[in-house]
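Student:
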Amino acid sequence: MVRDAEGNKMSKSKGNVLDPIDLLDGIELEPLVAKSTTGLMLASHKEKAEKYIRKNFPDGIPAYGADAVRFTFASLFTFSLTLNFDLSRCEGYRNFCNKLWNATRFVLMNTEGKQTEPYAKAPLESLTFVDRWLLGRLQQAKTDITDGFDTFRFDFASKALYEFVWDEYCDWYLECAKVQLAEAEKRGDAASLAATRGVLVRELENALRLAHPIIPFVTEELWQAVAPLVGKAGPGSTICNQKWPTVVPEVIDTASNAKMALLKSIVTSVRTLRSEMKISPAERVPLFAQFTNAADEVTLKEFAPYIATLAKLSEVKIVAALPEADAPVQVVGDFRLMLEIKVDPAQERARLDKEIARLEAEIAKANAKLNNPAFADKAPAAVVAQERDRVAGFAAVLEKNRARRTGLG
Numbered sequence: 034m035v036r037d038a039e040g041n042k043m044s045k046s047k048g049n050v051l052d053p054i055d056l057l058d059g060i061e062l063e064p065l066v067a068k069s070t071t072g073l074m075l076a077s078h079k080e081k082a083e084k085y086i087r088k089n090f091p092d093g094i095p096a097y098g099a100d101a102v103r104f105t106f107a108s109l110f111t112f113s114l115t116l117n118f119d120l121s122r123c124e125g126y127r128n129f130c131n132k133l134w135n136a137t138r139f140v141l142m143n144t145e146g147k148q149t150e151p152y153a154k155a156p157l158e159s160l161t162f163v164d165r166w167l168l169g170r171l172q173q174a175k176t177d178i179t180d181g182f183d184t185f186r187f188d189f190a191s192k193a194l195y196e197f198v199w200d201e202y203c204d205w206y207l208e209c210a211k212v213q214l215a216e217a218e219k220r221g222d223a224a225s226l227a228a229t230r231g232v233l234v235r236e237l238e239n240a241l242r243l244a245h246p247i248i249p250f251v252t253e254e255l256w257q258a259v260a261p262l263v264g265k266a267g268p269g270s271t272i273c274n275q276k277w278p279t280v281v282p283e284v285i286d287t288a289s290n291a292k293m294a295l296l297k298s299i300v301t302s303v304r305t306l307r308s309e310m311k312i313s314p315a316e317r318v319p320l321f322a323q324f325t326n327a328a329d330e331v332t333l334k335e336f337a338p339y340i341a342t343l344a345k346l347s348e349v350k351i352v353a354a355l356p357e358a359d360a361p362v363q364v365v366g367d368f369r370l371m372l373e374i375k376v377d378p379a380q381e382r383a384r385l386d387k388e389i390a391r392l393e394a395e396i397a398k399a400n401a402k403l404n405n406p407a408f409a410d411k412a413p414a415a416v417v418a419q420e421r422d423r424v425a426g427f428a429a430v431l432e433k434n435r436a437r438r439t440g441l442g
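Counting with this note's numbering, you get residues 34 to 442 for the letters of the sequence shown.
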């Protein structure tokens with residue numbers, strides 16, 4: 034049974050049935066209303082259908098394209114007899130296709146014409162810990178996606194594909210690769226440049242093959258541009274004829290995985306500091322990073338270029354002790370992090386008081402909603418869970434702000 038985003042059974046009389054062709058090509062409001070009400074015998078059904086369409090699709094339905102719609106239904110495919118279709122999922126997977134397209138454009142800009150021979154596999158020892166982390170994550174993605182297809186859990190395969198491409202390849206690896214390319218250019222290190230470019234293009238080509246069963250059209254288009262860089266171009270070549278990616282367990286490096294997890298935690302913590310201090314994304318400020326032993330100092334020096342770029346800092350000052358200041362401190366493992374900014378204690382106390390009052394009001398409002406039987410008992414479970422998550426998020430931020438306020442006296 035197919036249900037809409039609110040959990041209601043899709044029915045012609047309700048007007049909540051959607052034509053897949055309209056999802057692919059898009060449709061304006063008035064034609065959509067006419068299409069949804071045509072053939073309904075009862076006037077009450079026509080009125081109900083038109084009301085539903087005008088309320089939920091005031092601008093009609095945009096064109097999402099075949100790949101985004103395929104990805105949406107693959108992600109919804111489970112062994113359950115009920116499928117809850119939410120149009121926002123189509124938008125999310127259209128964004129995924131756009132992200133993959135833009136990632137490929139970045140890779141091509143940084144690899145095409147940079148060397149005459151196809152990019153070969155670089156020796157593992159010549160790769161950075163970030164490169165080796167990505168190779169390991171790719172092996173896990175291959176395993177998860179293949180298992181999903183083999184067991185007809187297309188939702189699992191879709192989730193694994195999305196997380197690898199969006200979260201790991203695009204959001205983290207591409208940003209780190211920019212740092213590696215810039216640093217290698219400064220040093221005039223041709224070997225490092227070739228190694229990073231090789232990982233960029235080879236792992237993208239693997240990702241395109243993994244994604245092809247779900248989004249065949251965009252992956253074919255992109256693969257045709259990427260294939261020559263890995264020596265796979267030829268007359269009549271197509272991604273359809275390529276071998277399915279196989280797992281290479283020997284490239285999985287647990288040490289690199291641990292280092293990357295630490296780097297991500299540090300970058301995320303610095304971003305949190307920036308957010309707490311209301312620092313504009315355009316403003317670059319220095320960061321003090323405190324180490325406790327020689328090994329940690331080496332790690333921070335290796336991380337510094339990545340942290341500075343990913344957290345938008347002017348520099349990373351690696352120190353044995355943080356300076357005395359009223360600025361907040363984030364602790365990540367054995368490291369202590371503090372932004373170098375001038376803080377007016379009186380202004381900061383006033384800001385925190387205002388923020389604490391706002392959060393308390395938000396929590397009270399959300400709890401009143403959750404304690405209302407009309408909402409708690411009748412709203413969809415997912416909506417109730419989302420509201421509880423909001424309360425938990427507000428409470429966590431409130432606790433941090435109260436601790437910060439107490440520290441300021």
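Glycine included, each C-beta is placed from N, C-alpha and C at the ideal position.
To which residues of the same chain is C130 closer than 8 Å at the C-beta, ignoring the five residues directly before and after it?
Tutor: Contacts found: G98, D100, A101, F104, I248, V251.
Student: What residues are listed by DSSP as bridge partners for V352?
Tutor: V352 is bridged to Q323.
Student: In terms of alpha-carbon separation, which member of L233, A425, E216, V349 lies closest to W166?
Tutor: Ranking the options by Cα distance to W166, first place goes to L233.
Student: Buried or exposed: which applies to S191, given that a residue is buried once 16 or more other Cβ atoms fall within 10 Å of its Cβ?
Tutor: That one is buried.
Student: Hey, how far is the Cα of G59 from the Cα of E316?
Tutor: So the two alpha carbons sit approximately 41 Å from each other.
Student: How is K265 classed by DSSP in three states: helix, strand or coil?
Tutor: K265 falls in the coil class under three-state DSSP.
Student: How many angstroms separate the CA atom of A294 from the CA atom of G93?
Tutor: Those two C-alpha atoms are separated by around 43 Å.
Student: Taking only runs that begin and end inside the segment 39-93, name each unbroken alpha helix (DSSP H) of 4 or more residues, in chain order.
Tutor: As far as the segment 39-93 is concerned, its whole alpha helix (DSSP H) runs of at least 4 residues are 53-58, 62-70, 76-89.
Student: Count the other C-beta atoms from every protein chain shown that fall within 10 angstroms of the C-beta of C123, then say buried if there are 16 or more, exposed otherwise.
Tutor: By the 10 Å Cβ count, C123 comes out buried.
Student: Just to check my reading of the structure: V263 and Y152 have Cβ atoms closer than 8 Å, yes? What is that Cβ distance to the nearest angstrom?
Tutor: Right, their Cβ atoms sit about 6 Å apart.
Student: What is the C-beta distance between T137 and L237, in whole angstroms, given that I count them as a contact (C-beta under 8 Å)?
Tutor: So it is a contact: roughly 6 Å between Cβ atoms.
Student: Would you identify the three-state DSSP class for R108, choosing helix, strand or coil?
Tutor: The sequence shown places Ser at residue 108, not Arg. In this structure, S108 counts as helix in the three-state DSSP scheme.
Student: Go ahead and pull the three-state DSSP assignment for N117.
Tutor: Strand, per DSSP.
Student: Looking at the structure shown, is F185 part of a helix, part of a strand, or coil, going by DSSP?
Tutor: Coil.
Student: Can you tell me whether W134 is buried or exposed, with buried defined as 16 or more other CB within 10 angstroms of its CB?
Tutor: Under this definition W134 is an exposed residue.
Student: So the candidates are S313, K292, V362, S347; which of them puts its Cα closest to the Cα of V331?
Tutor: Nearest option by C-alpha distance: K292.
Student: Here's the rule: buried if 16 or more other CB atoms are within 10 angstroms of the residue's CB, otherwise exposed. What is F106?
Tutor: So F106 counts as buried.
Student: Roughly how many whole angstroms lie between the Cα atoms of S289 and A244?
Tutor: So the alpha carbons of these two residues sit roughly 25 Å apart.
Student: With respect to the beta strand (DSSP E) encompassing M371, which residues constitute its N-terminal and C-terminal limits?
Tutor: Per DSSP, M371 belongs to the beta strand (DSSP E) from 368-372.
Student: If you count every other CB in all the chains shown that lies within 10 Å of the CB of I54, and 16 or more means buried, which is it?
Tutor: So I54 counts as exposed.
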